[in-house]
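There are 2 protein chains.
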Amino acid sequence: MTYDTSLADGFLSRLQPPVEWVDDHIEVIDQTLLPDELRVLSLHTVDDVVDVIQRLAVRGAPTIGHCGALGVVLGMTALADTTADECRARLNAVASRIGSARPTAVNLNWAVTRVREAATRGQTAYEIRELALAEARQVIALDRDACTRIGLAGLEELAGRSRLLTHCNTGRLATAGWGTALGVVYAKQAAGEPVEVYASETRPLLQGARLTAWELLDAGIDVTVIPDGASAVIMDGGRVDAVIVGADRIARNGDTANKIGTFTHAVVARRAGVPFYVAAPMSTFDPMMETGAAMVIEERAADELRRWKDRSTAPAEVPVWNPAFDVTPGDLITGIITDRGVLKPPYDLSIPGALGTAPRREHHG
Amino acid sequence: MTYDTSLADGFLSRLQPPVEWVDDHIEVIDQTLLPDELRVLSLHTVDDVVDVIQRLAVRGAPTIGHCGALGVVLGMTALADTTADECRARLNAVASRIGSARPTAVNLNWAVTRVREAATRGQTAYEIRELALAEARQVIALDRDACTRIGLAGLEELAGRSRLLTHCNTGRLATAGWGTALGVVYAKQAAGEPVEVYASETRPLLQGARLTAWELLDAGIDVTVIPDGASAVIMDGGRVDAVIVGADRIARNGDTANKIGTFTHAVVARRAGVPFYVAAPMSTFDPMMETGAAMVIEERAADELRRWKDRSTAPAEVPVWNPAFDVTPGDLITGIITDRGVLKPPYDLSIPGALGTAPRREHHG
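Those protein sequences? They're chains A and B, same order as listed.
Throughout the first sequence, residue numbering follows our numbering, covering 1 to 365 in sequence.
Throughout the second sequence, residue numbering follows our numbering, covering 366 to 730 in sequence.
Given below as structure tokens:
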């Protein structure tokens, strides 16, 4: 992995994609360093890809998927003397390794599986790699397009609601486009409508305070950072017209895994009478999952809560519970804004309908 | 202000009071440095006192009151050539200055007023100072006693509930005794009952992660730090038997000002069916305040959210909303555990009853 810091000077004005394919390698923004520094990392191996995903240098469910998809291409490089069968075995191994780098976000597995299935049809090592690269690029292009559709669907659904509370980061740093939940914010800006964002800071890694604040400031959008715990006082005080968040995995009944703290916002929104929206591409739905009960929630290192950078935030040895996500029950969600329109309750009908699959008998039996 | 670091070595085993009168000055623990370092500051002037209170080196509603009460004594020192009338004028000025160092906690004003009223009866500068010191010591002794009573009342009220979630710090660092909400935890330990604490970290200043974790580890009590936003997932998961928090000011209808994030926990507890308790001495009630609507909520510096120590947590210029407190409506509070027993709804009857004042007509009219 090599570092290119040449973009740091102009990073507030230039739009660097969070993940892109350049020549024969991947370039990603190291999101752990924002907002202090815009450092672009060059990834040349599958190890590089797994590393940036696991340490959250690359984060945001769609962006993780893009990095993983391009990572498969890296894994299929320099195999000129390899038979097609050997290549396919390697393709499966690489896809499996990258696909399991993080357990909760469904987009990673979805993207990697698409690339694997497209590439496996190749007849030579060269063809397999070319098909993988073409499919990864397609996944990225589809996401950019999906973000645009989500933004426009949200623009209509949230008409007249200008003061939005969001959690974590779901914008240009999390997607190939203008984002999912933040896509709705950018769509409002693009449409010339008023929009004002409360960004909850999102402990422990502060994706709201660091990343959402950074990209909205950069875009000239009115943003105010609040502590996660201010949820109740700000919503009860009538200062929020809607909550809008992203998603890492959505079950067929609307149960939604998203960054830890999302469920708390949803409970508070319900009491305050504030509508609570999830914005996500259709690839976030897990058609195999009836409810959120079976979702595997990644637990992360204790030091994410005990240290901030090199400074302590808690006693070094104190036990910590650090789940990366929580699961918001579908019954707290007003609507799910997707690239195929806004899905509404009852989700066990609307979601299978949008997925093009019939509701499963056991779910209704 | 001078520094004495000689206690740092043994700080995990020795019980240093957060505020105490030593010879002719005040010694306080600088709580901003915990858990990294136990530094004891010597305060010799009213300026020193206001400074440590405003920058939260001394925090916790009762402890702020003790520091303020002793601060009045500092203000009445070295006045030998002053007439009693001049002394009384100075007494009023000092009490007024210290009493307004922070706007939300009622204990500060309550303690300072007690000292002022006791001291003003003195006939000489010497007598005025002696009366002030005696009253400040009395305020501290009463608080130690109140904590014991709160702990014992909570022990009874929370019998069988061993897994407690708390917010901020309400223990040995916040009071002259074993604490308010944490007093109940210590009482359970002292009674040989099982007790296990989830400490929400309490952004932005992390009093839960830093101070509650530190003092419970020191006492050998099972403690786990969680992000504030994990409130819903941990309570919904059935891992919490009760929430118990402190208070900075309680209105006559039970509305309770406490550290930002408390109201959010209370909303979540209600949905999860988890009882939600406030533990506080009777001096926390504001008999003049009918409801929480009129409570002044201190807003603190934006950099508390934008920096952790000398490391950035957000863009340097991003706007921030940083209220120090929120107000939990009385209707979300299962009981208020006080040194005069546990008050239950309807609070507009039980609280005036405990205060020995009749319900006000306008409140029921």
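The beta carbon of each residue, even a glycine, is placed where N, CA and C say it ideally should be.
Small disclaimer: the values here were computed from a predicted structure and weren't measured.
>> Tell me the residue span of the beta strand (DSSP E) that contains residue 25/A.
In response: 25-29
> Based on Cα-Cα distance, which residue from 659/B, 547/B and 705/B lies nearest to residue 618/B?
Replying inline: 659/B
> How about residue 230/A and residue 591/B: are their beta carbons less than 9 Å apart?
Replying inline: no
> Does the distance from the CB of residue 169/A to the CB of residue 130/A come in under 9 Å?
Replying inline: no
> Using a Cβ-Cβ cut-off of 8 Å (strictly less than) and excluding sequence neighbours within five positions of residue 647/B, which residues of its own chain qualify?
Replying inline: 511, 703, 704, 705, 719 and 720
> Can you name the start and end residues of the beta strand (DSSP E) that residue 322/A belongs to?
Replying inline: Residue 322/A -> no beta strand (DSSP E), and no H or E assigned at all.
> Can you list the residues of chain A that residue 400/B reaches, using a CB-CB cut of under 9 Å?
Replying inline: 312, 314, 315, 316 and 318
>> Among the candidates 722/B, 455/B and 621/B, whose CA atom is the shortest distance from the CA of residue 439/B?
In response: 455/B
>> Going by the DSSP bridge assignment, what does residue 167/A pair with across the sheet?
In response: 200/A
> Identify the residues that DSSP records as bridge partners of residue 407/A: which are they?
Replying inline: Only positions 1 to 365 of chain A appear in the structure, and residue 407/A is not among them; the question remains open.
> What do you reckon, is the C-beta of residue 614/B under 8 Å from a heavy atom of the ligand FAD?
Replying inline: This structure lacks the ligand FAD, and indeed carries no ligand of any kind.
> Comparing the C-beta of residue 532/B with each C-beta of chain A, is any distance below 9 Å?
Replying inline: yes
> By Cβ distance, which residues of its chain are closer than 7 Å to residue 34/A, with the 5 residues on each side in sequence left out?
Replying inline: 210, 211 and 214
> In angstroms, rounded to a whole number, what distance separates the CA positions of residue 69/A and residue 115/A?
Replying inline: 6 Å
> Alpha carbon to alpha carbon, how far is residue 532/B from residue 501/B?
Replying inline: 28 Å
> Rounded to a whole number of angstroms, what is the C-alpha to C-alpha distance between residue 376/B and residue 327/A?
Replying inline: A caution first: residue 376/B carries a pLDDT of 33, below 50, which makes its placement in the model too unreliable to give a value.
> If you draw a straight line from the C-alpha of residue 412/B to the C-alpha of residue 549/B, how long is it?
Replying inline: 35 Å
> Does residue 551/B get closer than 9 Å to chain A when you measure Cβ to Cβ?
Replying inline: no
>> Between the alpha carbons of residue 381/B and residue 558/B, how many angstroms are there, rounded?
In response: 26 Å
>> My output table needs one value for residue 580/B: the three-state DSSP class, helix, strand or coil.
In response: helix
> With 16 as the cutoff for other CB atoms within 10 Å, does residue 105/A come out buried or exposed?
Replying inline: buried
> Under a three-way DSSP split, which group does residue 588/B fall into?
Replying inline: strand
>> Between 429/B, 551/B and 486/B, which has its C-alpha nearest residue 732/B's C-alpha?
In response: Residue 732/B lies beyond the range of chain B shown here (366 to 730); nothing can be said about it.
> Does the count of Cβ pairs from the region 416-433 of chain B and the region 535-545 of chain B closer than 8 Å reach three?
Replying inline: yes
>> By the three-class DSSP mapping on this structure, what secondary structure does residue 437/B have?
In response: helix
> DSSP state of residue 645/B, grouped into three classes?
Replying inline: coil
> So which residues on chain B does residue 229/A lean against when the C-beta distance must stay under 7 Å?
Replying inline: 568, 593, 625, 626 and 629
> Do the region 596-610 of chain B and the region 307-316 of chain A meet, that is, are 3 or more Cβ pairs less than 8 Å apart?
Replying inline: no
> chain A beta carbons: is any one of them nearer than 9 Å to that of residue 642/B?
Replying inline: no
>> Among 545/B, 503/B and 564/B, whose alpha-carbon lies nearest the alpha-carbon of residue 528/B?
In response: 564/B
> Tell me the DSSP bridge mates of residue 335/A?
Replying inline: 277/A
> On the premise that residue 65/A lies in contact with residue 110/A, defined as a C-beta separation below 8 Å, what is that separation, rounded to the nearest angstrom?
Replying inline: 6 Å
> How would you list, in chain order, the residues of chain B whose beta-carbon sits under 8 Å from the beta-carbon of residue 217/A?
Replying inline: 680, 682 and 683
>> So residue 578/B contacts chain A; which residues on that side make the cut at Cβ distance below 7 Å?
In response: 314, 315 and 318
>> Just list the residues that DSSP pairs residue 540/B with in beta bridges.
In response: Paired residue(s): none; residue 540/B is not in a bridge.
>> Check this for me: beta carbons of residue 141/A and residue 132/A, under 9 Å apart or not?
In response: no
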